[in-house]
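Number of protein chains: 6
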Amino acid sequence: MLQPNVETFIACDASLEEASTVLFGAPYDSTTSYRPGTRFASKAIRGESFGLETYSPYQDKDLEDIKVFDSGDLELSFGRVDLALADIRKRAAEILALNKRPFMIGGEHLVTLPAVEAAFEKYPDLQVIQFDAHTDLRDDYLDAKLSHATVIRRIHDFLGDGKIHQFGIRSGERAEFQFAKAHTNLHKYSLAGLKETVAALKDTPIYLTIDLDVFDPAAFPGTGTPEAGGIFFMEFIESLKLLSQLNIVALDVNELSPALDQSGASTALACKVVRELLLAIN
Amino acid sequence: MLQPNVETFIACDASLEEASTVLFGAPYDSTTSYRPGTRFASKAIRGESFGLETYSPYQDKDLEDIKVFDSGDLELSFGRVDLALADIRKRAAEILALNKRPFMIGGEHLVTLPAVEAAFEKYPDLQVIQFDAHTDLRDDYLDAKLSHATVIRRIHDFLGDGKIHQFGIRSGERAEFQFAKAHTNLHKYSLAGLKETVAALKDTPIYLTIDLDVFDPAAFPGTGTPEAGGIFFMEFIESLKLLSQLNIVALDVNELSPALDQSGASTALACKVVRELLLAIN
Amino acid sequence: MLQPNVETFIACDASLEEASTVLFGAPYDSTTSYRPGTRFASKAIRGESFGLETYSPYQDKDLEDIKVFDSGDLELSFGRVDLALADIRKRAAEILALNKRPFMIGGEHLVTLPAVEAAFEKYPDLQVIQFDAHTDLRDDYLDAKLSHATVIRRIHDFLGDGKIHQFGIRSGERAEFQFAKAHTNLHKYSLAGLKETVAALKDTPIYLTIDLDVFDPAAFPGTGTPEAGGIFFMEFIESLKLLSQLNIVALDVNELSPALDQSGASTALACKVVRELLLAIN
Amino acid sequence: MLQPNVETFIACDASLEEASTVLFGAPYDSTTSYRPGTRFASKAIRGESFGLETYSPYQDKDLEDIKVFDSGDLELSFGRVDLALADIRKRAAEILALNKRPFMIGGEHLVTLPAVEAAFEKYPDLQVIQFDAHTDLRDDYLDAKLSHATVIRRIHDFLGDGKIHQFGIRSGERAEFQFAKAHTNLHKYSLAGLKETVAALKDTPIYLTIDLDVFDPAAFPGTGTPEAGGIFFMEFIESLKLLSQLNIVALDVNELSPALDQSGASTALACKVVRELLLAIN
Amino acid sequence: MLQPNVETFIACDASLEEASTVLFGAPYDSTTSYRPGTRFASKAIRGESFGLETYSPYQDKDLEDIKVFDSGDLELSFGRVDLALADIRKRAAEILALNKRPFMIGGEHLVTLPAVEAAFEKYPDLQVIQFDAHTDLRDDYLDAKLSHATVIRRIHDFLGDGKIHQFGIRSGERAEFQFAKAHTNLHKYSLAGLKETVAALKDTPIYLTIDLDVFDPAAFPGTGTPEAGGIFFMEFIESLKLLSQLNIVALDVNELSPALDQSGASTALACKVVRELLLAIN
Amino acid sequence: MLQPNVETFIACDASLEEASTVLFGAPYDSTTSYRPGTRFASKAIRGESFGLETYSPYQDKDLEDIKVFDSGDLELSFGRVDLALADIRKRAAEILALNKRPFMIGGEHLVTLPAVEAAFEKYPDLQVIQFDAHTDLRDDYLDAKLSHATVIRRIHDFLGDGKIHQFGIRSGERAEFQFAKAHTNLHKYSLAGLKETVAALKDTPIYLTIDLDVFDPAAFPGTGTPEAGGIFFMEFIESLKLLSQLNIVALDVNELSPALDQSGASTALACKVVRELLLAIN
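Structure (structure tokens):
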């Protein structure tokens, strides 16, 4: 039978009604100050996901057994940051209003800001767990308040002290590390400390944001600002058991720039991160 | 509103009922003897088509004004040539049975065989116009009768003498050129002679097959066996006025191997060829 | 002797005082809607220029005989279009105020807008000659008024009818071509008509903007939206004799995206365009 | 003196008579369902091997001290799986009949099937040790019984239960892992358990098959389906002391796709794997 | 039967005795001042040649009908220019002493010097025809007398005035063009003038050297210093009828840098140039 | 204000007078026997360094707090090894004569020879610490005494026994390892043993040479002869505390070949190595 060509992340073909999680892409990288290209991530991840198995031997779970709806990519204005962020916020809010969990695929890290805003509106006691190479705590960047380099600082603006838990951090200005000391819970270089954080946050609504540059560039060269000295895949896998104990109400995976790694290995890793997260939270 | 993620060639979003032309992808390259990769062409062309305008200044026509349905890609078996070809034939026949025109995006050139078979079944007086660098007239290739290098010979098997019109040919074995002399209408190096061919075939049902390696590798490096000395884009544009006078009942565009041209220019050219053909035949 | 590391376009090492032309880079591509990367063009062109000879056999002139100052790249905010454009305008105005000719290397085509504004402020009878594949005449693009796709429309806003001369155009929406018919002098596909335009404009101050995608992607694949069917290098060379008769008061070359053509051939061609223009206008 | 151009893996220039091991290439990837390209592996490995030293500091042995004959690549039909597999089987049998050890370089993993068949014919008590990311235990794949994804299942068909020892496995369908539980000895993620396996198999004829995607994509991105979470080179090196205690009667290394890693690092790693295996078994 | 792995340019498998032409590779690029990599050309050309047909429709001749011996690549010292050139000269002389025609595949253009020396020793009335983008007439380059940029000047040192015929030239220093005016026969930009040159040289022993950068970078981006504005393939094909009238006693094709054009199209074009030259001179 | 375009490694903009360390590039790779390209390293490192933060969380130090002068790249003759080495030696000696520390960025490893010569002239009790995958202890290579493969042997010629400390070594000929046993202090595979070496050398003037191929190709594929099995970034970071206790009087970082890793991750790692070394020694 002749059908229109529906493209989803592998096995994420549930109807909206039955789905508990809703995927969407936020293909935006307009404030990226170095190598852009993350705008192509969500499309690449969908395409590459068909090279994956739906079954995870790590968690002994299968995407075939869960219900996820893939609502495709937003069409975002590259010329107007304000409009792009508003569109993302609207989409996240729409999903949350249906009592479903939004799972956004970036784009640059700035896309996290409106999604956290939408989640915070629904869950005033929201806290954020961030896997990242960078603090993203600048107050402004080249005179812009809204930037991939300021996104966590902007989130701190409304979330306040002690609500942001940063892991894997290994790059930033001295002032950012000083800010973190005073205002966030920053863990350098690895995911060490996650166990204690999860234990303390079990009943709290969590927004999980994974900047894929938390991975070592050996494992994940496909990102605009590769930072040597990151985590490897098995460290991420080990974190899943902890993450699955949390009440994650919204999440995102961002900063894959697929064209920078022509072997496809970075996109394939990103796909596995998405698969494992979907299985961990459902 | 949250919608599933439908992916089509740009502006080819008509319903099946209203459409006069139906696109489908045949992502198959299993007999490719040199550099494979054409299996990724249809996906790449859909994605890249959104970099196109829908309007053609060459023909002063717009995709917005015509009705095309994109039925997505077939899922073809790489391990079984027979099954793959049968699936393609079935899809082409299904479209023809609805009195619509199938427009297939390959894949390697072998995918043309079952599509011509389906068209020939409906139109016994079918003739074939082929733009190509290669004769594709071998009787067998490395002991295989079904191969990208034998496809036109297989079509000749049932179509017979004088029904195949070859243009742009510049590569083949000596024996293939000798076969062509006796059995097909072969025009070397360019599209010269197309005018006379079109004049003679105006009332005949035509299958048009465009092996994109007919283009010079300067304009189109993204193909497995680039053959220097081909046509450039404006020569193709000039042929459109002629092609639009024909009764093209089915057609295909094949042999783009997108990963071989990382600039994206080859995929972009393939997109324009598809756009211009859609506008010329509708 | 130990010296700091001054990097210029080859042989553009005159002092500011003696120079008649001042180069500067505008590494900005934040509104690029498809493949970004032109922000790296000016740096790449400087580096690659040392693979050039300073002598042009086409014009029998040598860069060693003329005086050009290279003032390096602006540091532009990716998060704020308004700030970026203001900084460009300021630089162009500063050069014009010294009675020197600004020669800007983009960046995406939007950078042309503030440079034309600065030139128009000094020369109220300014006209624009544009070599480009695209009309760039949209009124807005994805809700943004300031975009690479609207730049010539924005220039028309203040320059008015009949002052913009477009060559090589082969892509745009139907409405853009209709706008051009009413308001600009548009020449499709090639540089044909340049001779008459130059004859009519000999005493008029001219801003020359060259979007390098006017070249055929065969010759210049290193650009974000390659449009088949463009000009080749020798057509550009033939235009130099005409261009050298004009009173060009400011100019730019834009839309090279060096990483898209890893052979380096596109960057090398861009370097030659810069060299030949420098020789033609001095 | 003018000689014909003989190309071998470095230092594998013994005569057939004196050689104990015979290399051959099986450049076949026609059933590869995702990114093809392993057909170019044997040629690439020979060329790149001249960047290697012949001496291994790990084993303190030198290729100069052993006798290996490189019989070049088979010419295999891409259009006919049956013919291709028959040709491989014939070559392996021919080498075994000379009481020499065949060392095949794939190609996709399916090429292992006929080589194991040939070895099994000579050694009815043959067992298989497999280093791989994937179980390769599907019963069919897209309706094909012969496929890179079914190869170990086909080997199980005639070898029977308990004779296949799988290491490094981290990807497959749930049903494949269930099949493994019942019928093979599967070790997940790493080479842990190899010591015990080797101890138990010391007097048994062994076919060793190394799918290079057992390596982490960080170390080996040059393969069609990179699976994060694999082994690194030093783990492989540590296994050599164990492997050298076995009675390996035939072996292969497969699934390098050289064009996917343009840095050359994947091909270089494959070369070292071949060198170290040659030194370990001779 | 098990055979050692002999690699030749396609169909160049005659014995030394029966051959009239002897191929050899000179993989040397140590004086290349910009992007090196031509050392890999001869190996790449041999490998890629199997994507060619042996039959040329342009000349209606077939490599199967002529006798060529491929003696493989020289092993040249990268650290000692003097030794490398001596080894090349020895090889060329050895072939000439057998009354066969040496056909060298470079390498950078400097490899032409010793080959011309060897030919000049045998044929004191030798003249040189050069297809090239560059004059290569510098007297020294960065203090080195032996360089790719000085090679034709060094040849002029012993050949003298009026014996060097340059075609396609479009890059050089002003002084080089002035030198050419006085001492060589230089034809700019194209092969125009070749007819007259051939007519005048019919009975003269000719060394033909083709620097592949004579081609436009659109057709041939795979070279270290791409120079826009060159010839296209059909212009080369048209020259073959003229070249075949000459008494070419030795020849070379140089300056392919295969890694710079990852599409393979440049290497494929180089293969066709070699094939067509072999057919034209035999 | 219009300024000339000075390019330095990030934050290395001190004046020569105030600087304690002076950077310079030695873009030379003419004896590289396999894949060349390190000549582009210093330029690439400068450009990419602006993607770095100036602050190191590993050492809690900031480039803003130290004084480094970047004197740019030498212009070296590719055709004359002797001239190139003499120019490097002169530059290193010039910096040492000012009682500043030269920090050279290669280039192939041979550039280390003249820099060590210059340092040895000033510090007769100089010893060398080398991080490298290769012994570089050949006596000659393809008949050349001066080669990237002989550089440490040449240094041993004048430094004598026991003064060279090699770490991370995993590739070389058997004879090189035997030479090392007798004449150098060689540590295989990792940096193990560095602690003892540093303890013994605390008051000795040290030349530190880091061949970046000491890193595993997973972390650093961008080098001509990638050798699997090397160190990862965090092992390097851990060595910094030791290195900072030494009296390093001159140093270099070499063998980055930026074009071989198109993701940019190798160049980014090299930048971090330079930053961390600058912070460790100042």
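Chains as they are written, first to last, in this note's numbering: chain V, 49 to 330; chain H, 49 to 330; chain Z, 49 to 330; chain P, 49 to 330; chain X, 49 to 330; chain G, 49 to 330.
Glycine residues also receive a C-beta, built at the ideal position from the N, C-alpha and C atoms.
- Taking a C-beta distance under 8 Å as the contact criterion, E324 (chain Z) and I285 (chain Z) qualify as a contact pair.
- Note: S104 (chain P) is bridge-paired with P:K109 in the DSSP secondary-structure output.
- Judged by their CB atoms, D205 (chain X) and N53 (chain P) are not nearer to each other than the 8 Å cut-off.
- Within chain V, no C-beta atom comes nearer than 8 Å to that of G241 (chain P); the closest sits roughly 15 Å away.
- Comparing alpha carbon positions, the residue from H:L50, H:A328, H:I93 closest to F72 (chain V) is H:L50.
- The beta carbon of A166 (chain P) sits closer than 7 Å to the beta carbons of R137, A140, A141, L144 from its chain, once the five residues preceding and following it are set aside; these are given in chain order.
- For the region 92 to 110 of chain H, the set of residues with a beta-carbon nearer than 7 Å to any beta-carbon of chain V comprises G95, in chain order.
- For L288 (chain G), the enclosing alpha helix (DSSP H) starts and ends at 281 to 291.
- Uninterrupted beta strand (DSSP E) stretches at least 3 residues long and entirely within the region 75 to 145 of chain X occur at 116 to 121, given in chain order.
- Distance between G155 (chain Z) and R87 (chain Z), taken at the CA atoms: about 5 Å.
- Between V129 (chain V) and T79 (chain V), the C-beta spacing is below 8 Å.
- The beta strand (DSSP E) runs of length 3 or more contained entirely in the region 174 to 236 of chain P are, from start to end of the chain, 175 to 179, 212 to 217, 233 to 236.
- Each of P:L291, P:A74, P:A276 was checked against the Cα of L158 (chain P), and the nearest Cα belongs to P:A74.
- The Cβ-Cβ distance between Y255 (chain X) and V297 (chain X) falls below 8 Å.
- Inclusion of D187 (chain X) and T257 (chain X) in the CB contact set at 8 Å is not warranted, their separation being larger than that value.
- DSSP, read as helix, strand or coil, puts L304 (chain Z) in coil.
- The Cβ of S238 (chain G) sits no closer than 8 Å to any Cβ of chain V.
- In chain order, E101, T102, Y103, D110 make up the part of chain G whose C-beta sits under 9 Å from the C-beta of E221 (chain V).
- For I58 (chain V), no alpha helix (DSSP H) encloses it, and the DSSP letter there is neither H nor E.
- For I285 (chain X), the closest Cβ of chain H is nearer than 8 Å.
- From the listed residues H:T315, H:V70, H:D77, the smallest Cα separation to N147 (chain H) is found for H:V70.
- Contacts with chain V (Cβ-Cβ distance below 7 Å) from the region 299 to 318 of chain P involve L308, D309, Q310, listed in chain order.
- Of the candidates G:K109, G:L249, G:L294, G:D121, G:D121 places its Cα closest to the Cα of I153 (chain G).
- Below the 7 Å Cβ cutoff, chain H contributes G277 as neighbours of M282 (chain X), in chain order.
- At a cut-off of 8 Å between C-beta atoms, L185 (chain V) does not count as an interface residue with respect to chain Z.
- Boundaries of the beta strand (DSSP E) around T257 (chain Z): 253 to 259.
- Contact fails between the region 88 to 107 of chain H and the region 90 to 106 of chain P, because fewer than three Cβ pairs, one in each stretch, are under 8 Å apart.
- Interface annotation, K115 (chain H): not in contact with chain Z, CB-CB separation never under 8 Å.
- Counting only the Cα atoms, L294 (chain G) lies some 43 Å from P306 (chain P).
- When secondary structure is reduced to three states using DSSP, F151 (chain X) falls in the strand class.
- Going by DSSP, A163 (chain P) is part of the alpha helix (DSSP H) stretching over 160 to 170.
- By the neighbour-count criterion, in which 16 or more other beta carbons inside 10 Å mark a residue as buried, A230 (chain X) falls on the exposed side.
- Annotated three-state conformation of A266 (chain G) is coil, per DSSP.
- Residues of chain G whose Cβ lies closer than 7 Å to the Cβ of A266 (chain P) are, in chain order, A266.
- Cβ-Cβ distances below 6 Å link K170 (chain H) to L144 in the same chain, with the five nearest sequence neighbours on each side left out; the list follows chain order.
- Shown in chain order are the members of the region 63 to 81 of chain X whose Cβ falls below 9 Å from a Cβ of chain G: D77, S78, T79, T80, S81.
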